[in-house]
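A.B. asks: In terms of the numbering used here, the sequence shown opens at residue 2 and continues consecutively.
Quick reminder that beta carbons are idealized off the backbone N, C-alpha and C, glycines included.
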Amino acid sequence: MYAGNFSLPDPSHPIMTTQEFQQLRDLIYAHTYLCYTEAQKPILERKVRSRMALLSCPSFANYYALLTNPHEGQQELTHLIDHLAVHETSFFRISGHFSGLQHQVFPALMNAPSGRQTPIRVWSAGCSTGEEPYSIVIAFLEMMAHRKIPTSSSHLFHVLATDISLPILQKAQEGRYSQKQLKKVQQALLDKYFICHDHYYDIREEIKKFVNFSVFNLVQAETLPNTSFDIIFCRNVLIYFDRRAQAQLLAKFVQMLPDGGYLFLGDAESMHTFPESAQHVEFVESGNAIIYQKRGV
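Next comes the structure, spelled out in structure tokens:
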């Protein structure tokens, strides 16, 4: 419970003022790149109110004071960010991406002219509850099986899965999903890669071993060292950011890809309107989806 000095909650529940909205919006943006417009003020207000109710915090001014408190603020800010983040996802979301991954991207990377001496490194940025990185692993193993590549070569593959929310990552690491969450997964894949229980499925340990989950805030992407990934997934994340943050992240993603590396974005996200980054990639069609491949020098 918030322990600040204040009066009892106002029974009239005053609405969030423009100044209070701007203060909270700017604080959230600075820490997450999440961008709330004036039209989205009621959404932010509703979500902030729910945190205030849990803390018995009577006003937006008191809550902002808590968030900016040097001793207690970081913990509550983390809780608020968890509450604000959107975690909607599913297995094999955007089917064209996974068809292209299995039949075009992975074979191309495995058949590099110089041979594959280092692991294929994949980054699932904004991985939510794990459906995306596990789908990536399944696509890789299906490619291996289809091309009759020995499983001894499977060490040449690794997925880094990151999200801003620790509680969400803990669910991802558990790898437990309801029948509803898996309704679009083919039965053959369920039988092969999941353990069925009465009302849920567990992802098999041999899938989990390919994925390393880690808390990471995309605001910090600019501070990353010269890390390289052959494939970057960042889907349905950029839509929540403003254009400046989108441009910064796309430029960083392109920088982190080697020549011939691949970038996957969501359906509503495109590089077409970011010419500085788009000039470095080719647009590859895969069914109903677009995959971006970095041009060679």
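#1: By the 10 Å Cβ neighbour count, where 16 or more other Cβ atoms means buried, how is residue 6 classified, buried or exposed?
#2: Measure the alpha-carbon distance for residue 42 versus residue 52 and round it to whole angstroms.
#3: Does any CB atom of chain D fall closer than 9 Å to the CB of residue 225?
#4: What residue range is occupied by the uninterrupted beta strand (DSSP E) comprising residue 19?
#5: Note down the Cα distance separating residue 238 from residue 271, rounded to an integer number of angstroms.
#6: So who's on the other strand from residue 58, going by DSSP bridges?
#7: Taking the CB atoms as reference points, tell me whether residue 34 and residue 242 lie closer together than 9 Å.
#8: Can you say whether residue 232 is buried or exposed, counting buried as having 16 or more other CB atoms within 10 angstroms of its CB?
#9: Using the DSSP secondary-structure output, state which residues sit across from residue 212 in a beta bridge.
#10: Residue 134 and residue 156 - do their beta-carbons sit closer together than 9 Å?
#11: Looking at the unbroken beta strand (DSSP E) that takes in residue 271, where does it start and where does it end?
#12: Under DSSP, the alpha helix (DSSP H) around residue 143 begins and ends at which residues?
#13: Can you tell which of 285, 297 and 112 has its C-alpha closest to the C-alpha of residue 98?
#14: Could you check what DSSP says for residue 86 in three-state terms: helix, strand or coil?
#15: With residue 216 and residue 167 assumed to form a contact (beta carbons below 8 Å), what rounded beta-carbon distance in angstroms separates them?
#16: With DSSP as the reference, identify every bridge partner of residue 166, one or two as the case may be.
#17: Indicate whether residue 214 and residue 102 have their beta-carbon atoms separated by less than 9 Å.
#18: In whole angstroms, what is the alpha-carbon distance linking residue 112 and residue 64?
#19: Between which two residues does the alpha helix (DSSP H) carrying residue 255 extend?
#20: Ignore the nearest five residues each way along the sequence and tell me which others in residue 126's own chain have a CB closer than 7 Å to its CB.
#21: Taking the alpha-carbon of residue 94 as reference, which of 78, 182, 251 and 297 has the nearest alpha-carbon?
#22: Can you tell me where the beta strand (DSSP E) holding residue 318 begins and where it ends?
#23: CA-CA distance, residue 174 and residue 71?
C.D. replies: Looking at the atomic coordinates:
#1: Translated into positions along the sequence shown, residue 6 becomes position 5. Because the pLDDT at residue 6 is just 45, under 50, the model does not fix this residue reliably, and the value given afterwards should be weighed accordingly. So residue 6 ends up on the exposed side.
#2: The residue given as residue 42 occupies position 41 in the sequence shown. The residue given as residue 52 occupies position 51 in the sequence shown. Answer to the nearest angstrom: the Cα atoms are 16 Å apart.
#3: Absent from the structure: chain D. Only one protein chain is present.
#4: The residue labelled residue 19 in the question sits at position 18 within the sequence shown. From DSSP, residue 19 is part of no beta strand (DSSP E) but of the alpha helix (DSSP H) over 19-33.
#5: If you number the sequence shown from 1, residue 238 lands on position 237. If you number the sequence shown from 1, residue 271 lands on position 270. Near 12 Å, if we compare the C-alpha coordinates of residue 271 and residue 238.
#6: Taking the first residue of the sequence shown as position 1, residue 58 is located at position 57. Per DSSP, none; premise fails for residue 58.
#7: In the sequence shown, residue 34 corresponds to position 33, counting from 1. In the sequence shown, residue 242 corresponds to position 241, counting from 1. Result yes, Cβ atoms of residue 34 and residue 242 sit closer than 9 Å.
#8: Taking the sequence shown and counting its residues from 1, one reaches residue 232 at position 231. Residue 232 is classed as buried because its beta carbon has at least 16 other beta carbons within 10 Å across all chains shown.
#9: Numbered from 1 along the sequence shown, position 211 holds the residue referred to as residue 212. BP columns for residue 212 point to 160.
#10: Working through the sequence shown from its first residue, we reach residue 156 at position 155. Working through the sequence shown from its first residue, we reach residue 134 at position 133. Residue 156 is not a Cβ neighbour of residue 134, given a cutoff of 9 Å.
#11: Counting from 1 along the sequence shown, the entry for residue 271 is found at position 270. Per DSSP, residue 271 lies in no beta strand (DSSP E) and is assigned neither H nor E.
#12: By 1-based counting over the sequence shown, the position of residue 143 is 142. Note, residue 143: alpha helix (DSSP H), 132-147.
#13: Here residue 98 is taken as the residue at index 97 of the sequence shown, counted from 1. Ranking the options by Cα distance to residue 98, first place goes to 285.
#14: Start at 1 with the first residue of the sequence shown, and residue 86 comes out as number 85. Three-state DSSP puts residue 86 in coil, outside helix and strand.
#15: By one-based count along the sequence shown, residue 216 stands at place 215. By one-based count along the sequence shown, residue 167 stands at place 166. The pair is a contact, with the Cβ atoms about 5 Å apart (cut-off 8 Å).
#16: Translated into the one-based positions of the sequence shown, residue 166 becomes position 165. Paired residue(s): none; residue 166 is not in a bridge.
#17: Position 213 of the sequence shown, counting from 1, holds the residue named residue 214. Position 101 of the sequence shown, counting from 1, holds the residue named residue 102. For residue 214 and residue 102, no; Cβs fall outside 9 Å.
#18: Translated into the one-based positions of the sequence shown, residue 112 becomes position 111. Translated into the one-based positions of the sequence shown, residue 64 becomes position 63. For residue 112 and residue 64, the distance between alpha carbons rounds to 55 Å.
#19: As a first step, residue 255 must be located in the sequence shown, where it is residue number 254. Its alpha helix (DSSP H) spans residues 244-257.
#20: Looking up residue 126 in the sequence shown gives position 125. 163, 219, 233, 234, 235 and 238.
#21: In the sequence shown, residue 94 corresponds to position 93, counting from 1. Cα-wise, what sits closest to residue 94 is 182.
#22: No information on residue 318 is available, as it lies outside the stretch 2 to 298 that the chain covers here.
#23: On the sequence shown, residue 174 is found 173 positions in, with the first residue counted as 1. On the sequence shown, residue 71 is found 70 positions in, with the first residue counted as 1. Going by the C-alpha atoms only, they are around 31 Å apart.
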